[in-house]
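Asks:
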Amino acid sequence: MLAEVEAMYADTQRETGLRGMSPAVRAAMGKVERHRLVPREQQAAAYANRPLPIGNDQTISQPYIVALSADLLAPQADHVVLEVGTGSGYQAAVLAEVVGRVYTIELIEALGRAAESRLQEMGYRNVEVRIGDGYAGWPEKAPYDGIVVTAAAPKIPPALVEQLKPGARMVIPVGADGFIQYLKLVTKRADGGYDEGEVIPVRFVPLVPGKK
Ligand code: SAH
Numbered sequence: 013m014l015a016e017v018e019a020m021y022a023d024t025q026r027e028t029g030l031r032g033m034s035p036a037v038r039a040a041m042g043k044v045e046r047h048r049l050v051p052r053e054q055q056a057a058a059y060a061n062r063p064l065p066i067g068n069d070q071t072i073s074q075p076y077i078v079a080l081s082a083d084l085l086a087p088q089a090d091h092v093v094l095e096v097g098t099g100s101g102y103q104a105a106v107l108a109e110v111v112g113r114v115y116t117i118e119l120i121e122a123l124g125r126a127a128e129s130r131l132q133e134m135g136y137r138n139v140e141v142r143i144g145d146g147y148a149g150w151p152e153k154a155p156y157d158g159i160v161v162t163a164a165a166p167k168i169p170p171a172l173v174e175q176l177k178p179g180a181r182m183v184i185p186v187g188a189d190g191f192i193q194y195l196k197l198v199t200k201r202a203d204g205g206y207d208e209g210e211v212i213p214v215r216f217v218p219l220v221p222g223k224k
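If you count by my numbering, then the sequence shown holds residues 13 to 224, one letter each, in order.
Set out below in structure tokens:
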């Protein structure tokens, strides 16, 4: 799986000038046991470099995208990071290997609770799962050194930008459901505004507006 992920990085590098996989993220990708996060019927494909169904019409993300999203944050060991869209817990586990603390929000209770107990079993003590609507972020734990959104939003949610520290980064797939989406890298400026750039075209499940 790692070799395939690195080959995809090489393509991305040619197209965008992005760096290759950092040693920290590479080590995390090698360490997190993806088979522990996918359903029994998907075990045989656990180390394939593609998304897989996890129930409730949701997917565990493609390893390449998980690595790239982590790398784009420029993660540091003392960072506090928010993830929106816990899903299987895979992205959260990879982030937990490279930063100090991960807060992750999932809208679907069954998925969030299952991910929480798997992450516990896998020994992650620096990940906290909350059930709720990630559009609003997790303001009680803000500000964050980085935010990763793993479902596609039609536009960048202002609450998430607000919860970033100045200079901090957010990786988010942006695009309406059924339309082309781009993985965007958002950098918060000191004046509270932000700069954004398109990294690569992607296909994510939609970020669902939560029930109020
Ligand atoms: N990060 C996951 C991939 C998750 S797929 C992994 O590594 O496996 C996207 C997830 O976002 C789904 O589980 C979906 O239920 C969740 N989601 C969709 N809209 C949401 C919202 N508004 N708030 C929180 N989670 C949301």
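Yeah, the Cβ is synthetic: ideal placement off N, Cα and C, and Gly gets one too. This one's a predicted model, so the numbers in the text were calculated from it and none came from an experiment.
Does the beta carbon of V17 come closer than 8 Å to any beta carbon on chain C?
Replies: Reference to chain C is not applicable here, since this structure consists of a single protein chain.
Asks: By the three-class DSSP mapping on this structure, what secondary structure does T71 have?
Replies: Here T71 sits in strand by DSSP.
Asks: How close, in whole Å, do the beta carbons of L119 and D145 come, if the pair is a contact with beta carbons under 8 Å?
Replies: Going by Cβ atoms, the distance from L119 to D145 rounds to 6 Å, so yes, they are a contact pair.
Asks: Can you find the residues in the same chain that come closer than 8 Å, C-beta to C-beta, to N68, ignoring five residues on each side of it along the sequence?
Replies: Excluding sequence neighbours, N68 sits near I120, A122 and L123.
Asks: With DSSP as the reference, identify every bridge partner of K196, one or two as the case may be.
Replies: Answer by DSSP bridge pairing, in chain order: I184 and E210.
Asks: G9 to I212, Cα distance in whole Å?
Replies: The displayed coordinates of the chain run from 13 to 224. Any statement about residue 9 would go beyond what the structure contains.
Asks: Quick check on V139: does DSSP put it in helix, strand or coil?
Replies: Correct three-state label for V139: strand.
Asks: Are the Cβ atoms of L85 and G205 separated by less than 8 Å?
Replies: For L85 and G205, no; Cβs fall outside 8 Å.
Asks: How many Å lie between S129 and A40 at the Cα?
Replies: Rounded to whole angstroms, S129 to A40 spans 20 Å at the Cα level.
Asks: Hey, out of L14, A19 and G29, whose CA is closest to G42's CA?
Replies: Nearest C-alpha to G42: L14.
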